[in-house]
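Below: one structure, written as structure tokens.
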Amino acid sequence: MNFTLDSCIAVLILTVSLTYLIHITMTVVPNTQHHYDDSLIILGRLLRYYDIQAAIYTNNSESVDVIMYSTISHLHSYYLVVIDPEKETVVLICGTPTLSSYLVSITIPGWNGTLNPRTLCFRVGVGG
Amino acid sequence: MEYSLDAIVSFLIFVSMLMVVFIIMTSLVTVLATKLALSPYHSPAFPTSLRVVKVREGYLIDSPSRCLVTCVIIKPEGTYQMYHGITPIRIPAKPSDWIVAFTYTSVIVKVGAIIHGRLIVSKYGVVKSNPLKPYVVVEGSSYQVIPNLEGVSKSIQMSKSVYFIHNGTIVLGVRG
Numbered sequence: 054m055n056f057t058l059d060s061c062i063a064v065l066i067l068t069v070s071l072t073y074l075i076h077i078t079m080t081v082v083p084n085t086q087h088h089y090d091d092s093l094i095i096l097g098r099l100l101r102y103y104d105i106q107a108a109i110y111t112n113n114s115e116s117v118d119v120i121m122y123s124t125i126s127h128l129h130s131y132y133l134v135v136i137d138p139e140k141e142t143v144v145l146i147c148g149t150p151t152l153s154s155y156l157v158s159i160t161i162p163g164w165n166g167t168l169n170p171r172t173l174c175f176r177v178g179v180g181g
Numbered sequence: 177m178e179y180s181l182d183a184i185v186s187f188l189i190f191v192s193m194l195m196v197v198f199i200i201m202t203s204l205v206t207v208l209a210t211k212l213a214l215s216p217y218h219s220p221a222f223p224t225s226l227r228v229v230k231v232r233e234g235y236l237i238d239s240p241s242r243c244l245v246t247c248v249i250i251k252p253e254g255t256y257q258m259y260h261g262i263t264p265i266r267i268p269a270k271p272s273d274w275i276v277a278f279t280y281t282s283v284i285v286k287v288g289a290i291i292h293g294r295l296i297v298s299k300y301g302v303v304k305s306n307p308l309k310p311y312v313v314v315e316g317s318s319y320q321v322i323p324n325l326e327g328v329s330k331s332i333q334m335s336k337s338v339y340f341i342h343n344g345t346i347v348l349g350v351r352g
């Protein structure tokens, strides 16, 4: 009888754990899709203005921060990494590190008439 | 021994069924949560929220987080001044002046005295042709923010994104 009780409890624990795992998996998958659309919309809108390019090419993270928060809701955060694709180095990192996955990326060719490409990896979402 | 074996088998069957029930319940909860998340937008709004506060000498443009803002002060005679800065920003405007404050995706208006004629106020000042949205059309004592967000929820109900483009402007969807 003791053996039966032990096995029952063990299987119950297993059941709850498996159920929780399935639940987490099913709730996380749709959320990751949302961020791509939102991030592309925000980044696409910002790149229509000169200000964000000026902030990126002058490595002004303070400026990037206020520009981002003048575009997104104050309930959301963002994460932006600027990469120099020619030197393969990270130039600038701004925002909340918890949003550092599932980034969308766009390469801009240059600024002020110069060929100086920068790859922007960006995500907007709820975090931090 | 037979009793134990029977008990184990019955418990296994019971627990297996319990697991199936749990999975079905979890799926149902997920489906319901997804349906709730995709319920119609009850109040589509501009993503950033600005407010104009009267202070001792002029007005203060404030927002929940520090953001870059452009303010256009329009005098009753039709001239205008522009201020560019990070919120909270204090601007020397009089109660009779119109104040139009812009971010990249939002706009707020403080109404002033009656203006003769029709002015199109954008992030870059008073312009003649329709500029990048959002912008404001001031006429007399009334104004119109372009784009108008009224009735937006009907056209964007199927959108899964939090942000979406409506009539050339980014709109924040709030589901309820």
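The listed protein sequences correspond, in order, to chains A and B. Residue 54 is where the first sequence starts when you use this note's numbering, and the numbers rise one by one after that. Residue 177 is where the second sequence starts when you use this note's numbering, and the numbers rise one by one after that. Beta carbons are placed, not taken as given, at the ideal position from N, Cα and C, and that holds for glycine. Since the model is a prediction, treat every value here as computed from it, not as a measurement.
Quick check: the stretch 116-124 of chain A against the stretch 187-204 of chain B, are there 3 or more CB pairs under 8 angstroms? no
Applying the 10 Å Cβ sphere with the 16-neighbour rule, what's the burial state of K312 (chain B)? Taking the second sequence and counting its residues from 1, one reaches residue 312 (chain B) at position 136. Just to set this straight, residue 312 (chain B) is Val in the shown sequence, not Lys. So V312 (chain B) counts as buried.
Measure the alpha-carbon distance for T279 (chain B) versus N343 (chain B) and round it to whole angstroms. The residue given as residue 279 (chain B) occupies position 103 in the second sequence. The residue given as residue 343 (chain B) occupies position 167 in the second sequence. T279 (chain B) and N343 (chain B): Cα-Cα distance of roughly 17 angstroms.
Can you tell which of B:S239, B:I346 and B:P323 has the C-alpha that lies nearest to the C-alpha of L226 (chain B)? For the purposes of this step, residue 226 (chain B) is identified with residue 50 of the second sequence, where counting begins at 1. When only C-alpha atoms are compared, the closest one is B:S239.
What residues from chain B crowd round D91 (chain A), counting only those whose CB sits closer than 8 angstroms? The residue you call residue 91 (chain A) lines up with position 38 of the first sequence. S337, V338 and Y339, listed in chain order.
Own chain partners of S153 (chain A) with C-beta closer than 6 angstroms, once the 5 adjacent residues on each side are dropped: Mapped onto the first sequence, residue 153 (chain A) falls at position 100. Contacts found: Y132.
Against chain A, does Y280 (chain B) count as a neighbour if the rule is that its beta carbon must be under 8 angstroms from one of theirs? On the second sequence, residue 280 (chain B) is found 104 positions in, with the first residue counted as 1. Chain A contact via Cβ: present.
Does the beta carbon of C247 (chain B) sit closer than 8 angstroms to a beta carbon anywhere in chain A? Mapped onto the second sequence, residue 247 (chain B) falls at position 71. Taking Cβ atoms only, chain A never reaches closer than 8 angstroms to C247 (chain B), which makes this a no.
Would you grab the beta carbon distance between S184 (chain A) and T345 (chain B) for me? Rounded to a whole angstrom, and I think it's under 8 angstroms. Because residue 184 (chain A) is not part of the residues shown, which for chain A are 54 to 181, the question remains open.
Using the Cα positions of L58 (chain A) and A183 (chain B), report the straight-line distance between them to the nearest angstrom. Within the first sequence, the letter at position 5 stands for residue 58 (chain A). Within the second sequence, the letter at position 7 stands for residue 183 (chain B). Near 9 angstroms, if we compare the C-alpha coordinates of A183 (chain B) and L58 (chain A).
Please identify, using Cβ separations under 7 angstroms, the residues of the stretch 259-280 of chain B that lie next to chain A, in order along the chain. I262, T279 and Y280
So, under 8 angstroms CB-CB, T172 (chain A) and S158 (chain A) are touching, yes? Tell me the CB distance rounded to an integer number of Å. Numbered from its first residue, the first sequence carries residue 172 (chain A) at position 119. Numbered from its first residue, the first sequence carries residue 158 (chain A) at position 105. About 6 angstroms separates the two Cβ atoms, so the contact holds.
In this structure, what does DSSP give as the bridge partners for H342 (chain B)? What you label residue 342 (chain B) is simply residue 166 of the second sequence in a count that begins at 1. According to DSSP, H342 (chain B) bridges with B:T345.
Which two residues bound the contiguous beta strand (DSSP E) that contains S282 (chain B)? Mapped onto the second sequence, residue 282 (chain B) falls at position 106. First-last for S282 (chain B): undefined, no H or E at that position.
Using a beta-carbon distance below 8 angstroms, is S70 (chain A) in contact with chain B? Start at 1 with the first residue of the first sequence, and residue 70 (chain A) comes out as number 17. S70 (chain A) does not count as touching chain B.
Anticipated Cβ contact below 8 angstroms, G254 (chain B) with W274 (chain B), distance rounded: Working through the second sequence from its first residue, we reach residue 254 (chain B) at position 78. Working through the second sequence from its first residue, we reach residue 274 (chain B) at position 98. Not a contact, Cβ separation roughly 10 angstroms.
Cα-Cα separation between G261 (chain B) and V297 (chain B), rounded to whole angstroms: Taking the first residue of the second sequence as 1, we reach residue 261 (chain B) at position 85. Taking the first residue of the second sequence as 1, we reach residue 297 (chain B) at position 121. Their backbone Cα atoms lie some 18 angstroms apart in a straight line.
The stretch 110-141 of chain A: which residues have C-beta closer than 7 angstroms to a C-beta of chain B, in chain order? V119, I120, Y122, S123, T124, I125, S126 and H127
Using C-beta distances below 7 angstroms, list every residue in its chain close to G163 (chain A), excluding the 5 sequence neighbours before and after it, in chain order. Counting from one through the first sequence, the residue named residue 163 (chain A) turns up at place 110. Result list for G163 (chain A): N169 and P170, in chain order.
Which residue marks the beginning of the beta strand (DSSP E) containing D273 (chain B), and which one marks its end? One-based indexing of the second sequence puts residue 273 (chain B) at position 97. No beta strand (DSSP E) contains D273 (chain B), which DSSP labels as neither H nor E.
Sort out for me which residues DSSP pairs R242 (chain B) with in a bridge. As a first step, residue 242 (chain B) is located in the second sequence; it is residue number 66 there, counting from the start. R242 (chain B) is not bridged to any residue.
Looking at chain B, which residues of the stretch 93-106 of chain A have a Cβ within less than 8 angstroms of any of its Cβ atoms? I94, I95, R98, L99, R101, Y102 and D104
Cβ-Cβ separation, G234 (chain B) to I267 (chain B) (assumed contact under 8 angstroms), whole Å: Taking the first residue of the second sequence as 1, we reach residue 267 (chain B) at position 91. Taking the first residue of the second sequence as 1, we reach residue 234 (chain B) at position 58. With 8 angstroms as the limit, I267 (chain B) and G234 (chain B) qualify as a contact, their Cβ atoms being about 5 angstroms apart.
For a contact defined as C-beta to C-beta under 8 angstroms, what are the partners of S241 (chain B) on chain A? Position 65 of the second sequence, counting from 1, holds the residue named residue 241 (chain B). Near S241 (chain B) (Cβ distances below 8 angstroms), the residues of chain A are Y122 and H127.
R98 (chain A) classed as buried or exposed, judged by whether at least 16 other C-beta atoms fall within 10 angstroms: Here residue 98 (chain A) is taken as the residue at index 45 of the first sequence, counted from 1. The residue is buried, with at least 16 neighbouring Cβ atoms inside 10 Å.
Using the Cα positions of K270 (chain B) and K140 (chain A), report the straight-line distance between them to the nearest angstrom. Position 94 of the second sequence, counted from the first residue, corresponds to residue 270 (chain B). Position 87 of the first sequence, counted from the first residue, corresponds to residue 140 (chain A). Distance between the alpha carbons of K270 (chain B) and K140 (chain A) is about 53 angstroms.
Neighbouring residues, chain B, relative to V64 (chain A) (Cβ below 8 angstroms): Locating residue 64 (chain A) in the first sequence gives position 11, where the first residue counts as 1. F187, L188 and V191, listed in chain order.
With DSSP collapsed to three states, give me the class of H134 (chain B). No answer is possible for residue 134 (chain B): it lies beyond the span of chain B, which begins at 177 and ends at 352.
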